[in-house]
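Have a look at the structure below before the remarks.
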Amino acid sequence: MREKRRFYFSDETENFRWPAEPADGESVVLRLRAAEGDSFHAWVISSQGQIPMERAGLDGSLPVYEAKIPGLSGPFRYLFEIEDGEGTVYYGKCGLQDTADFANAFWIFPGFQIPEWMQGAVVYQIFVDRFCNGDLSNDVEEREYFYLEGGCAHRVMDWNTMPEPLDVRNFYGGDLKGVWDQLDYLQYLGVEVLYFNPLFVSPSNHKYDTQDYEHIDPHVGKILEDGGEVLPEGAESNHQATKYIKRTTSLVNLEASDAFFAEFVEEAHRRGIRVILDGVFNHCGSFHKWMDRAGFYRDRPGYEPGAYGRPDSPYRNFFRFGQDESYESWWGMETLPKLNYEGDPRLKEEILQIGRKWVSPPYSADGWRLDVAADLGHSPEENHKFWREFRRAVKEANPEAVILAEHYGDISPWMDGSQWDTVMNYDAFMEPVSWFLTGMEKHSNKYREELLGNGEAFWAAMIPNMARFPSGSLYAAMNQLDNHDHSRFVTRTSRRTGRLGADGTASAEEGIDLGVCREAAVMQMTWPGAPTLYYGNETALPGWTDPDSRRPFPWGKENWEMIEFYRELIKIHKNSPALLRGSLVRLLGEHELLAYGRFLGEERMVVVIHNGPSEGRAEIPVELLGGSPAKGLIRLIETGETGYNIGAVRLPVREGKAAVPLRPVSAAIYRVE
Numbered sequence: 143m144r145e146k147r148r149f150y151f152s153d154e155t156e157n158f159r160w161p162a163e164p165a166d167g168e169s170v171v172l173r174l175r176a177a178e179g180d181s182f183h184a185w186v187i188s189s190q191g192q193i194p195m196e197r198a199g200l201d202g203s204l205p206v207y208e209a210k211i212p213g214l215s216g217p218f219r220y221l222f223e224i225e226d227g228e229g230t231v232y233y234g235k236c237g238l239q240d241t242a243d244f245a246n247a248f249w250i251f252p253g254f255q256i257p258e259w260m261q262g263a264v265v266y267q268i269f270v271d272r273f274c275n276g277d278l279s280n281d282v283e284e285r286e287y288f289y290l291e292g293g294c295a296h297r298v299m300d301w302n303t304m305p306e307p308l309d310v311r312n313f314y315g316g317d318l319k320g321v322w323d324q325l326d327y328l329q330y331l332g333v334e335v336l337y338f339n340p341l342f343v344s345p346s347n348h349k350y351d352t353q354d355y356e357h358i359d360p361h362v363g364k365i366l367e368d369g370g371e372v373l374p375e376g377a378e379s380n381h382q383a384t385k386y387i388k389r390t391t392s393l394v395n396l397e398a399s400d401a402f403f404a405e406f407v408e409e410a411h412r413r414g415i416r417v418i419l420d421g422v423f424n425h426c427g428s429f430h431k432w433m434d435r436a437g438f439y440r441d442r443p444g445y446e447p448g449a450y451g452r453p454d455s456p457y458r459n460f461f462r463f464g465q466d467e468s469y470e471s472w473w474g475m476e477t478l479p480k481l482n483y484e485g486d487p488r489l490k491e492e493i494l495q496i497g498r499k500w501v502s503p504p505y506s507a508d509g510w511r512l513d514v515a516a517d518l519g520h521s522p523e524e525n526h527k528f529w530r531e532f533r534r535a536v537k538e539a540n541p542e543a544v545i546l547a548e549h550y551g552d553i554s555p556w557m558d559g560s561q562w563d564t565v566m567n568y569d570a571f572m573e574p575v576s577w578f579l580t581g582m583e584k585h586s587n588k589y590r591e592e593l594l595g596n597g598e599a600f601w602a603a604m605i606p607n608m609a610r611f612p613s614g615s616l617y618a619a620m621n622q623l624d625n626h627d628h629s630r631f632v633t634r635t636s637r638r639t640g641r642l643g644a645d646g647t648a649s650a651e652e653g654i655d656l657g658v659c660r661e662a663a664v665m666q667m668t669w670p671g672a673p674t675l676y677y678g679n680e681t682a683l684p685g686w687t688d689p690d691s692r693r694p695f696p697w698g699k700e701n702w703e704m705i706e707f708y709r710e711l712i713k714i715h716k717n718s719p720a721l722l723r724g725s726l727v728r729l730l731g732e733h734e735l736l737a738y739g740r741f742l743g744e745e746r747m748v749v750v751i752h753n754g755p756s757e758g759r760a761e762i763p764v765e766l767l768g769g770s771p772a773k774g775l776i777r778l779i780e781t782g783e784t785g786y787n788i789g790a791v792r793l794p795v796r797e798g799k800a801a802v803p804l805r806p807v808s809a810a811i812y813r814v815e
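One gets this note's numbering by counting positions in the sequence shown from 1 and adding 142 to each.
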C-alpha cells in the first residue's frame with residue numbers, strides 16, 4: 143500500500159476542483175485520485191467538519207473520489223483525510239502528511255478570479271530606454287537638465303555603448319515608437335503581454351523616481367515643440383527639463399504623449415497583445431510636484447507649493463519630515479521620498495485615482511505591476527488596507543485588469559482574494575531554477591556549489607513556495623529568469639560572481655553556456671505560470687546586475703538561432719492546454735536531473751532536465767501522470783550543448799515507465815502517446 147500511495151494526487155486545477163475558481167456562493171466539486179486497493183476511504187476535512195468522498199470513476203486505471211461542497215460564501219480551507227490498508231494519512235498542497243496540518247491546506251476564496259488572459263500568458267518585459275529608439279526627435283538632449291549631485295543628463299549617441307556603473311543619467315533614446323516599430327517582431331516571437339518598466343514623467347532613465355503620475359514622459363512619448371532649457375557648459379543648477387511643466391508648449395507635449403500611449407495600447411490590443419504598467423506607489427521622486435525639492439515647480443502657475451521647505455504646503459503630510467528638512471526615504475535614498483499614507487487621506491485618493499485612470503479609456507492598460515508593494519505604508523495594517531482599496535478601485539474601472547506585485551518571501555498575507563492577483567515569482571521559480579542550473583544567486587553575488595544540480599534542494603524550495611499561491615495566482619505569476627534588478631541569466635551560467643564596477647562589461651560575456659540557457663528556457667515554458675522574458679533573453683543578452691542588466695537590445699547583432707529556439711518553445715507552450723493550465727507532478731529529483739509532468743484532462747506532457755556533463759539514461763515513471771495507459775513518449779524538442787532538435791522521436795513506455803536518453807547539458811519535452 144505504501145508503494146501505491148505515490149499515486150495519490152490532488153491540486154487546485156480544474157482536474158481536481160470544479161470550478162477551479164468558484165464565484166461567491168457557487169458549489170464546488172473536489173476530487174482526489176487514489177490507487178487500486180481493497181481498503182480505501184477518504185473525506186474532505188475542514189473547519190466546517192468532515193464530508194465523505196464517493197468513488198466517481200477512473201482516471202485511466204486509477205480510481206477518483208469526489209465530494210460536493212455546497213455554495214461557499216467565505217474562505218474555505220481543506221485537506222483530504224485518507225484511510226488505507228496502512229493507516230491514516232492526510233493530503234494537502236505539499237502532498238502526503240502524517241498529521242492534519244492545515245498550514246499546508248488547500249484554499250478556496252470564492253469570488254477570487256484571476257484574469258484568464260494572464261494565466262499561462264507569454265509576457266515580455268521592456269526597459270523602454272534600452273529597447274528601441276523609434277523617434278529621434280524625443281531624445282533627451284545633452285545636458286538638458288541637472289540630475290543628482292555632480293552631473294547632468296547625457297544623451298548616448300552610440301546605441302551599442304555599454305552601461306556605466308553610474309548609469310542613471312544616461313539616455314539611449316528608447317521609446318514607445320520604438321516598441322511600436324518592433325510589434326511585428328514581438329508577434330513573430332509569440333508575445334501576448336507587454337510589461338513596461340515605468341513610463342511616467344521622471345528625470346532618470348529607470349523612472350522609479352516618479353515626477354508626475356498623471357502623464358507619460360515626453361521622452362518616451364512625443365515632443366511636439368522643444369520647451370527644454372539646455373544648461374550651459376559647467377552649470378549645475380536645480381533647473382529641470384521644462385518640457386515637463388504645464389505651460390503652453392510643454393502641456394502640449396504631456397497631452398501628446400498621453401494620447402500616443404493610448405494609440406499604442408489600441409494598436410497592441412488590435413494585435414491581441416495586452417499591456418501592463420509599472421506602478422511605483424511606495425515612494426515618488428524628490429522632483430515630484432508634491433515634494434519639489436529642486437524647486438522645479440516653485441511659483442509656476444497652476445501648481446501648489448511643494449512640501450520641501452514649505453510647512454504650509456498642502457502636500458506637507460504626504461511625507462514624514464524630521465529636523466532640518468530631512469525626510470523619510472526608501473532605503474535612505476534622498477531622491478526617493480517615501481509616501482506617508484497615514485499622514486493625509488488625500489494622498490490615498492490621489493493614488494487610487496491614478497490606479498483607475500490608466501486602466502480606463504482612452505488608455506485602457508490591462509493592469510499594474512506594483513513596485514516594492516509590501517513596503518507601502520508604515521504598518522502591515524495600513525499596507526493591507528491600502529491594497530484592498532486599490533484592488534476595488536482598479537477592478538471597478540476595469541474588471542479584467544491584473545494586479546501583480548513585486549514581492550520576495552511569503553506572499554500569503556496578500557493572496558486572500560482581496561488584494562493582489564499574483565506576483566513576480568522569485569521564490570517559486572527564479573531562485574530555485576537559478577540555483578539548480580547555475581549554482582548562482584540572482585545578483586551573481588554568490589556561488590553555492592552544494593545547490594548546483596541538487597534536485598532534492600530544488601523540489602524542497604519549489605513545493606512549499608508554490609503552496610503559498612492560490613491556483614489561479616500561481617498560473618498567472620511572472621516566471622522570470624532575470625529582470626532589470628538582477629544579473630542576466632546567461633551571465634550566471636559562467637558560475638562566476640561579479641559586478642560591473644569591479645569586473646567590467648566584457649567579463650559578463652566570458653564563460654557563458656548557452657546549453658544551460660536553453661535548459662532554463664525549457665523550464666520557463668513548461669512550469670506553471672506566465673513565462674516572462676526580459677527583453678533580450680531570446681538573443682542571450684548578457685550582463686551583470688543593475689545597471690549592466692539594462693544593456694541596449696543588440697539590433698542587427700541578434701542571435702537568431704536562440705530567437706528561433708525561443709519561438710519554437712513558445713509555440714509548444716501556447717499549443718498545450720496542459721502546459722498552460724495543467725497539474726504539475728514531480729517525477730524525479732536527483733543529482734543533475736529533474737523530471738516533471740504536466741497534465742490536463744487526457745493531455746500529458748513530460749519534461750526532463752539533465753544538467754550534467756556526461757551521457758546516461760533515466761527511467762521516468764510516466765504512470766504517475768494517470769490517464770489512459772501510456773504507449774510511448776513523442777519528443778517535441780530536445781536541447782543540447784550546441785543547439786536543439788525539433789524532430790519527432792518516439793520512446794516506448796513499458797509497465798508505466800520510459801527509458802529516456804540523457805545527453806550532456808540537455809532538456810527535452812515529450813508528449814505522452
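The beta-carbon is built from N, C-alpha and C at its ideal position, and this holds for glycine as well.
The structure displayed is predicted, hence computed values, not measured ones.
The three-state reading of DSSP puts residue 399 in helix, counting H, G and I together.
DSSP places residue 612 outside both helix and strand once states are collapsed to three, so it counts as coil. Bridge partners of residue 626 according to DSSP: none are assigned. Its Cα nearest to that of residue 286, the residue 361 stands out among 355, 215, 224 and 361. A distance below 8 Å separates the beta carbons of residue 346 and residue 310.
If you look at residue 218, you'll find it isn't in any alpha helix (DSSP H); it sits in the beta strand (DSSP E) that goes 218–226.
Burial state of residue 243 is exposed, judged by a 10 Å Cβ sphere holding fewer than 16 other Cβ atoms. With contact defined as three or more Cβ pairs closer than 8 Å, the stretch 496–511 and the stretch 531–542 are in contact. Residue pairing for residue 738: DSSP places it in a beta bridge opposite 728 and 749.
Around the CB of residue 411, fewer than 16 other CB atoms lie within 10 Å, so the residue is classed as exposed. Residue environment for residue 475: exposed (fewer than 16 other C-beta atoms within 10 angstroms of its C-beta). Exposed is the label assigned to residue 717, since fewer than 16 other Cβ atoms lie within 10 Å of its Cβ. Here residue 468 carries a coil assignment [DSSP, helix/strand/coil]. DSSP, read as helix, strand or coil, puts residue 528 in helix. Here residue 719 has 742, 743 and 745 as same chain residues with Cβ atoms under 8 Å from its own Cβ, once five neighbours each way along the sequence are excluded.
Taking C-alpha positions only, residue 560 is separated from residue 529 by approximately 8 Å. Apart from the 5 residues on each side of it in sequence, residue 790 sits with its Cβ closer than 7 Å to the Cβ of 776 and 777 in its chain, given in chain order.
Between the alpha carbons of residue 227 and residue 595 lies a gap of roughly 37 Å.
Scanning 164, 814 and 400 for the CA closest to the CA of residue 210 turns up 164. Looking at 461, 504 and 331, the one whose alpha-carbon comes closest to that of residue 409 is 504. By the beta-carbon neighbour count (other beta carbons within 10 angstroms, threshold 16), residue 215 is exposed. Here the alpha carbons of residue 579 and residue 662 stand approximately 7 Å from one another.
The three-state reading of DSSP puts residue 194 in strand, counting E and B together.
With 16 or more neighbouring CB atoms inside 10 Å of its own CB, residue 548 falls in the buried class. In this chain, residue 511 is not harboured by any alpha helix (DSSP H); it is covered by the beta strand (DSSP E) spanning 509–512.
About 6 Å separates the CB atoms of residue 513 and residue 420; that is less than 8 Å, so the two are in contact.
In the same chain as residue 690, and ignoring 5 residues on each side of it, the C-beta atoms closer than 7 Å to its own belong to 305, 642, 647 and 650, in chain order. Take residue 486, set aside five residues on each side of it, and the residues of its chain with a beta-carbon closer than 7 Å to its own are 459 and 460, in chain order.
For residue 185, the enclosing beta strand (DSSP E) has its first and last residue at 182–188. Nearest in C-alpha terms to residue 566, of all of 413, 558, 545 and 586, is 545. When secondary structure is reduced to three states using DSSP, residue 723 falls in the helix class. A direct Cα-to-Cα measurement between residue 454 and residue 466 gives close to 16 Å. Beyond the five residues adjoining it in sequence on each side, residue 811 comes within less than 7 Å, by CB distance, of 664, 668, 714, 747, 749, 778 and 779 in the same chain, given in chain order.
The C-beta of residue 587 has fewer than 16 other C-beta atoms within 10 Å across all chains shown, which makes the residue exposed.
Closest in alpha carbon position to residue 659, among 809, 756 and 592, is 809.
For residue 810, the enclosing beta strand (DSSP E) covers residues 808–814.
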